[in-house]
Amino acid sequence: MLKTSMDQKRRVCVIGAGTAGLCALKNSLEAGLDAVAYERGTEIGGTWIFSEEMPKDEYDEVQSSMYEGLRTNLPKEVMGYPDYSYPEDIDESFITSNQVLEFLRSYAEHFKLKPHIKLQHEVIRVRPRLDDWEVYVWDHSTDTCDPVYYDFVYVCNGHYTEPDIPEVEGLDLFEGKKMHSHLYRKADKFKDESVLIVGAGPSGMDITNHVRVAAKQVLLSHHLPNPPNTAFMGNVTQKPDVQRFTRDGAIFTDGSTESFDHVMFCTGYKYTFPCLSTDVGIQVIDNFVQPLWKHCININHPTMAFVGLPFNVIPTHIFDMQVRFTLKFFTGQREFPSRKEMIAELEQEIGERWGCGVHNHKKAHQMGERQFVYYNELARLAGIENIKPVIHKLMKDCGKKYIFELDTYRSNRYTIVDDDNFLKNGKAIV
Ligand code: FAD
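In structure tokens form, the structure reads like this:
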């Protein structure tokens, strides 16, 4: 059994000050640890910062994928932290990115996190030593880089900056414009153009709905078994997968051919951890980050935790649970199972996933309905408070609406009544 003791291990390094990093910082401080969050940007908030910034050259990285006019695809009633909710004077449930950013700032203010956040500080290398972590931090304001030593590391660097573009035959031949949704900012760029959008996940559907207002025509290519609702979008035509691109368009798997000016890939992102040295013992194959216990603890070095890898989840709640869960172990209130036991559990879980027909590394951290079993497990193992039943019920009501009720679902208003019940448009949902 690996034992951790608060007397020996006290300093926490949090990489990133987005929704996950702020939560790791706040809970670490509350647990009595000496925590610092390093944020490479000039402000906190990560994903929720809207900026029209574009890459200056091929080496320049653009941090946020936020676009103009975005409204959240989850209601604010489930996007708050368990111990800090959105203010009641916001009427709408589906809010703007700026309102989320304001909320994160107020969270940092409320829990007095600012003195513990170092902006313009980029973690460029994390390496395990015998008893602790060596973390190299580049201070962009002074252009200096120094090592700092920590007992625990929370990796909260986000997963929406490295585009994942599928390899499709002929893409190099296509002479029109190509982009990934990571760099999509405003619909007016597509004025009077014909656009192919590839992918009908939450971003693909939402961006289709934005772009079609300016564009002449939008083709939405996807392989969802049930077609999304685009009946209200007059100039949107659904297409199957692209078989191959041509000089001026594409041939689709049903044999049809279309011409278009622009292709935008809404095909997701890659999980990357460029600052972790190889001796951290983590490898990523097609977004499967391993070996992790409970999707967050680095089995090779259990003083490192990754927050927010699972997807199809309630992000803020899963971040908060993962952090509270790991802190019970980091502070010695719970003992980790042995390495062998953790590996056996990981293999069993992955075996079950593959056994259910999901033999796809990209889905190794997918949750959906499994997330509630996962929350129960974290709560049981660490003796922490679980998410409230009302959050589960509300999520059930929201599920997949971004596909089937895209035109109407954002007008719904939710109100949480108590730990079990909520109202939808003023009516109780049973
Ligand atoms: P991020 O917000 O990406 O924060 C990571 C931070 O780490 C960044 O500030 C980054 O600068 C910093 N960082 C990275 N590397 C380093 C380093 N080496 N050193 C220092 N700092 C570093 N979720 C919802 O709940 N509802 C929604 O409606 C919703 N809509 C979304 C729409 C879009 C377009 C996108 C892209 C995502 C959306 N999400 C939504 C998901 C959302 O991103 C998560 O809910 C959450 O904000 C992710 O938080 P994070 O802290 O993990 O990552």
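Counting in this note's numbering, the sequence shown tops out at residue 801, every number present.
Note that the Cβ used here is the ideal one computed from N, Cα and C, for glycine as well.
Rounded C-alpha distance that separates residue i from residue j
i, j, result
"Pro-662", "Ser-468", "34 Å"
"Ile-714", "Cys-727", "20 Å"
"Ser-709", "His-672", "12 Å"
"Glu-448", "Tyr-455", "11 Å"
"Asp-806", "Thr-513", "With the chain covering only 372 through 801, there is no way to say anything about residue 806."
"Leu-591", "Val-607", "7 Å"
"Lys-767", "Asp-517", "47 Å"
"Lys-374", "Lys-699", "Low confidence applies to Lys-374: its pLDDT is 42, below 50, so where it sits in the model is not reliable, and the reading given next is rough at best. Approximately 12 Å between the Cα atoms of the pair."
"Thr-390", "Tyr-457", "14 Å"
"Tyr-780", "Lys-772", "6 Å"
"Trp-509", "Thr-643", "19 Å"
"Ser-422", "Cys-667", "30 Å"
"Gln-491", "Glu-432", "15 Å"
"Cys-527", "Glu-538", "29 Å"
"Gly-346", "Phe-616", "Because the chain in this structure spans residues 372 to 801, residue 346 falls outside the shown range and cannot be described."
"Tyr-785", "Tyr-452", "16 Å"
"Val-651", "Arg-476", "32 Å"
"Met-437", "Glu-712", "41 Å"
"Leu-777", "Val-524", "39 Å"
"Leu-647", "Ala-676", "12 Å"
"Arg-556", "Asp-577", "13 Å"
"Pro-573", "Asp-502", "43 Å"
"Lys-562", "Gln-588", "10 Å"
"Val-584", "His-487", "44 Å"
"Met-372", "Phe-696", "Confidence is the limiting factor: at Met-372 the pLDDT is only 37, short of 50, which leaves the residue's position unreliable, though a coordinate-based value still follows. Taking the straight line joining both Cα atoms gives about 18 Å."
"Thr-687", "Ser-627", "42 Å"
"Gly-770", "Asn-580", "19 Å"
"Val-407", "Leu-396", "7 Å"
"Val-582", "Glu-564", "10 Å"
For residue i, three-class secondary structure by DSSP
i, result
"Met-550", "strand"
"Met-675", "strand"
"Cys-394", "helix"
"Met-400", "Before going further, note that residue 400 is Leu rather than Met in the sequence given. In this structure, Leu-400 counts as helix in the three-state DSSP scheme."
"Arg-496", "strand"
"Arg-615", "strand"
"Tyr-640", "strand"
"Ile-536", "coil"
"Asn-669", "strand"
"Ile-622", "strand"
"Ile-363", "Lying outside 372 to 801, the shown extent of the chain, residue 363 is not represented and no answer is given."
"Ile-762", "helix"
"Tyr-646", "The question names Tyr, but residue 646 in the sequence shown is Cys. Cys-646 falls in the coil class under three-state DSSP."
"Met-807", "As displayed, the chain neither begins before 372 nor continues past 801, which places residue 807 out of reach and without an answer."
"Ile-800", "coil"
"Phe-775", "helix"
"Val-744", "helix"
"Asp-790", "coil"
"Ala-586", "coil"
"Thr-697", "helix"
"Val-449", "helix"
"Ser-477", "helix"
"Arg-381", "coil"
"Ile-420", "coil"
"Lys-374", "Residue confidence for Lys-374 is low, a pLDDT of 42 falling below 50, so the modelled location carries little weight; the figure read from the coordinates is stated next. Coil at Lys-374, not helix or strand."
"Ile-689", "helix"
"Asp-563", "coil"
Whole-angstrom C-beta distance between residue j and residue i, which should lie under 8 Å
i, j, result
"His-732", "Asp-657", "4 Å"
"Ile-653", "Val-660", "6 Å"
"Gln-614", "Thr-624", "5 Å"
"Lys-549", "Val-634", "5 Å"
"Gly-547", "Asp-460", "That belief does not hold up - the Cβ atoms of Gly-547 and Asp-460 are roughly 46 Å apart, past 8 Å."
"Tyr-409", "Lys-489", "5 Å"
Residue i: CB within 7 Å of a non-hydrogen atom of the ligand FMN
i, result
"Ile-774", "This structure lacks the ligand FMN; the ligands present are the ligand FAD."
Test: residue i CB closer than 8 Å to a CB of chain B
i, result
"Asp-517", "Absent here is chain B; the protein component of the structure consists of one chain."
Cβ contact check for the region 737–748 and the region 666–685: 3 or more pairs under 8 Å
yes
Under 8 Å, with one C-beta from each stretch per pair, do the region 531–550 and the region 417–436 reach the 3-pair mark?
Enough Cβ pairs lie closer than 8 Å, so yes.
Under 8 Å: do the region 495–515 and the region 582–602 share three or more Cβ pairs, one atom per stretch?
no
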